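For reference, the structure discussed in these notes is given below.
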Amino acid sequence: MSDQPLLNVRGVSKFYGSRIGCTDVSFDLWPGEVLAIVGESGSGKTTLLNCLATRLMPTTGCVQYRMRDGNLRDLYQMSDAERRFLMRTDWGFVHQNPADGLRMTVSAGANVGERLMAVGNRHYGNIRNTASDWLERVEIAQDRIDDQPRAFSGGMRQRLQIARNLVTSPRLVFMDEPTGGLDVSVQARLLDLVRGLVSDLGLAVIVVTHDLAVARLLSHRMMVMKGGRVIEQGLTDRVLDDPREPYTQLLVSSILQV
Amino acid sequence: MTTPLIVSDVSKSFTMHLRGGLRLPVVSNVSFSLAAGECVVLGGPSGIGKSSILKMLYGNYAVDTGQILVRNGEQIIDLASAEPRVVLQTRRDVLGYVSQFLRTVPRVSALDVVAEPLVARGTPVLEARERAEALLARLNLPKDLWQLPPATFSGGEQQRVNIARGFITDHRVLLLDEPTASLDAANRAIVVDMVRAKKDQGVALLGIFHDEEVREAVADRILDVSQFSPRRAAA
Amino acid sequence: MTALADYNFAYLDEQTKRMIRRAILKAIAIPGYQVPFASREMPMPYGWGTGGVQVTAAILGPHDVLKVIDQGADDTTNAVSIRAFFQKVADVAVTTKTSEATIIQTRHRIPEETLGENQVLVYQVPIPEPLRFLEPRETETRQMHALEEYGLMHVKLYEDIARHGRIATTYAYPVKVAGRYVMDPSPTPKFDNPKMNQSAALQLFGAGREKRIYAVPPYTDVVSLDFEDHPFEVQTFEKPCALCGARHVYLDEVVLDDKGGRMFVCSDTDYCETRREEGQRGEMLADMKEAAE
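One line per chain: the protein sequences are A, B and C, in this order.
If you're matching positions, the first sequence starts at 1 in full-length UniProt numbering and goes up one per residue.
If you're matching positions, the second sequence starts at 1 in full-length UniProt numbering and goes up one per residue.
If you're matching positions, the third sequence starts at 1 in full-length UniProt numbering and goes up one per residue.
Okay, structure coming up:
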């Protein structure tokens, strides 16, 4: 583990008029660390994620990111060009609905290869080989490389979306309910895959989920949100085994036992 | 001789917000230390807070007051106040834990569950698997189970996977929460041997053993947890 | 003809021409960049070259000589109509000879004869946005141009190779202009792409329905996008032109009968005629001559 945080989040708030999206969120994220943001719908977790990923501009607050050269940069002060470059090289964003993160009308290979082409890779054979390797890593048969994601099942689409994001070896990946809308057995497979990739690649991940089992399995650390505020945070085991806030206790006690 | 673990003035209570903010004191003023090569067994009636103490030491439970000091290399870490990533680092490097129940992960084979702590510390996967195989063989886990995820195993089989996972590393401190509860006599004897071997290597162990025979065989001393009971402290 | 007095020279009013000229100047200053302009209603339907006609009207002077081609031919309905239009509203000289023209308005071809510094080529453009195929949002494509994010263009070429084993795009083949903007060269065959590079003539592009003008100034680099292992290539034809025997020109297929008989002839009719006037004979004419003898 590195001695310097990858992301410094300070006092991030987002208001929609007078309504609170999220307010006064501060934390540090370290390289290789997986942070789960949990809470029910409307708790502000997705608003926070979108602010961190610069898909939304917060009303106030500051987020600094440590670039590959080691320098900290204020995300909200960057130019569009720099930010977009960051987003397609050093970052990934996995949407809940794969159709939001994939190009549904181009082949799986091109979906994975797009980021490579975007950063200037101009050798078709190399791009295709890399795409093929990534399909294998996310357990998609390599003979599906020329099929469009429209022909894929929900679980395959989600795995393809993950491959598309990871092909440029990002250091930080945002995930918004990555297993939402999938069957339980498909969820388990995806979670296991993500878990393996995260530890193999040393990714830092911020994952938004309402599913505490997902948080338990994937994350090192978690933050519980309610009404736009972070009400409890800490080591994932600790928050789930010894929840302190009334709302967290309610959340944990609401899990169905099988 | 270094002292790998020092617990000082630790108190713990639960506040049950769902039951009108009911406050349940668990333990107070817990103070003790573990020497290297020593096996300390927590004693006292059930419900007195033995498991809670192990969970606090491992970081699963937060503490209200006090310090839990663990040496990691040159550093002394206070687990009671450390950041999550420092707790995880400490677990990876020096602090092992064999829980009563195995928390299974879908699709991960028993072998990889056991090998994982070594892989996390940078041991090559193949080497880690070899050592996992040796441990599982020693614990008599049938070989045809090794490649299966342990979710469907029997209690005793899961427990052996759990023990192998806890014992595979050379962690300086090992916490054992009834590791032999669901084992037969033969396997209990093997675990006793393994605990002794750890002691010989200078590992400090803290455990809960309800089985008297096992307790006698491994314990250097019994730490009576009832002395930390808040009811007694209040009296 | 007193009727002419009802029209301003070249149909458009002078204010409109100034507006279009400003757009053209900006387009020349930023090669390959699509400049929005206030496209006017023209007395012809969209898709018939309203963009090209407005550009031509804005740059046309009384002493210009105009040539209009459609798919290389001077004698198709579209070309004849536009030529007649400008004869009527501007009373300019017209020609079918490439070398005599000062302004050539074209739909989907570049003449075979190399153009000179005194000539302007005006393209009629249906869809000016090369990225639209994969990104339908105009706000997004504009940002991609602004930030030079052209990875998507290669995604299209990648798809071609994945599906057909080679880059199968044969017309409207995307190019990069002056090392900066990716541009749709209008639906010309990719055979013509190399002619755009370092051309001595000014090239102007007008899209009427989409209200965009863009330009390639003389002597500008125009590079067709490709992959290192699948370089850009133009079409080649097995046979020369059946009428004039020209090689290395773009040929059209002409079906002769319902028994599968066909021939390939120059798409550029003026080029073909000029060669025949010079006495060049292709296979078909040679046959006919023999047959006559």
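Glycine included, C-beta positions come from ideal geometry on N, C-alpha and C.
Owing to the predicted nature of the structure, the values given are computational and were not obtained by experimental measurement.
**Q.** Where C241/C falls: helix, strand or coil (DSSP)
**A.** coil
Q | Residue range of the unbroken alpha helix (DSSP H) whose run includes E232/A | A | It is not in any alpha helix (DSSP H) - E232/A instead sits in the beta strand (DSSP E) that spans 229-235.
Q) Shortest alpha-carbon distance to G21/A belongs to which of I145/A, D237/A, L193/A, T60/A? A) T60/A
Q: Measure from the C-beta of G155/A to each C-beta in chain B and report whether the shortest distance is under 9 Å.
A: no
Q: Return the residue from the list P130/C, E253/C, G49/C, F237/C that minimises the CA-CA distance to P185/C.
A: The residue with the shortest Cα to Cα distance from P185/C is P130/C.
Q: For the beta strand (DSSP E) containing F14/B, list its first residue and its last residue.
A: If you look at F14/B, you'll find it in the beta strand (DSSP E) that goes 5-16.
Q: Work out the CA separation of V106/A and K26/C for me, nearest whole Å.
A: If you take the alpha carbons of K26/C and V106/A, they lie about 35 Å apart.
Q) Considering F93/A, what are the terminal residues of the beta strand (DSSP E) in which it resides? A) 91-94
Q | R19/A: first and last residue of the uninterrupted alpha helix (DSSP H) it sits in | A | First-last for R19/A: 19-29, but that is the beta strand (DSSP E), not the alpha helix (DSSP H).
Q) Quick one: what's got a C-beta closer than 6 Å to A58/C's C-beta in the same chain, skipping five residues either side? A) K17, I20, R21
Q | Cβ-Cβ distance between G166/B and V98/B below 9 Å | A | yes
Q. What residues in its chain sit with their C-beta under 6 Å from that of F27/A, if we drop five residues either side in the sequence?
A. Closer than 6 Å at the Cβ level, and outside the excluded window around F27/A, lie V9.
Q) In chain C, what lies closer than 7 Å to R103/A by C-beta? A) L134
Q.
Extract the residue ranges of the alpha helix (DSSP H) inside the region 43-108 of chain C, only unbroken runs of 4 or more that lie entirely within it.
A. 50-59, 77-90
**Q.** Beta-carbon separation (whole angstroms), P31/C vs A178/C, contact threshold 8 Å
**A.** 4 Å
Q) Cα separation between R188/B and L7/A? A) 48 Å
Q) What do you reckon, are the CB atoms on V115/A and G151/C nearer than 9 Å? A) First, the amino acid is wrong: residue 115/A is Arg here, not Val. Cβ atoms of R115/A and G151/C: closer than 9 Å.
Q) Is H123/A close to chain C, meaning its C-beta is less than 9 Å from at least one C-beta of that chain? A) yes
Q | Test: H171/B CB closer than 9 Å to a CB of chain A | A | Chain A contact via Cβ: absent.
Q.
With a threshold of 7 Å on Cβ separation, who are the neighbours of T236/A within its own chain once the five nearest residues in sequence on each side are excluded?
A. A36, A215, R216, S219, H220, R221, M222
Q | Interface partners of G59/B on chain A, CB under 7 Å | A | L235, D237, R238
Q | Span of the beta strand (DSSP E) around K226/A | A | 221-226
Q.
Quick check on DSSP: helix, strand or coil for F264/C?
A. The answer is strand: DSSP assigns F264/C an E or B state.
**Q.** Whole-angstrom distance between D112/B and R131/B, CA atom to CA atom
**A.** 11 Å
**Q.** Which listed residue (K198/B, A185/B, S51/B, V30/B) has its alpha carbon closest to that of E38/B
**A.** K198/B
Q) Which residues of chain A have a Cβ atom closer than 8 Å to the Cβ of V105/B, listed in chain order? A) D192, R195, L217
(Q) Would E138/C pass as an interface residue toward chain A - the criterion being a Cβ-Cβ separation below 9 Å? (A) It does not; no Cβ of chain A falls within 9 Å.
Q. Beta carbon of T169/C, beta carbon of K156/C: below 9 Å?
A. yes
Q: Could you work out which residues of chain A lie near V177/C, taking near to mean beta carbons separated by less than 8 Å?
A: Here the premise fails: no neighbours, minimum Cβ distance about 18 Å.
Q. For the region 206-218 of chain C against the region 118-132 of chain C, are there 3 or more C-beta pairs whose distance is under 8 Å?
A. Segments in contact, yes.
Q | Rounded C-alpha distance that separates F153/B from S185/A | A | 19 Å
Q. Considering E157/B, what are the terminal residues of the alpha helix (DSSP H) in which it resides?
A. 155-167
Q) What are the partner residues of R10/A, as DSSP defines its beta bridges? A) C62/A
Q) With a CB to CB cut of under 7 Å and the five nearest residues on each side skipped, what residues in its chain are close to G282/C? A) P240, C241, A242, L243, C244, G245
Q) What in chain B is Cβ-close to L250/A, meaning under 7 Å? A) Below the 7 Å Cβ cutoff, chain B contributes L18 as neighbours of L250/A, in chain order.
Q.
When you compare the region 60-75 of chain B with the region 3-10 of chain B, are there three or more beta-carbon pairs, one atom per stretch, that lie closer than 8 Å?
A. Yes, they touch.
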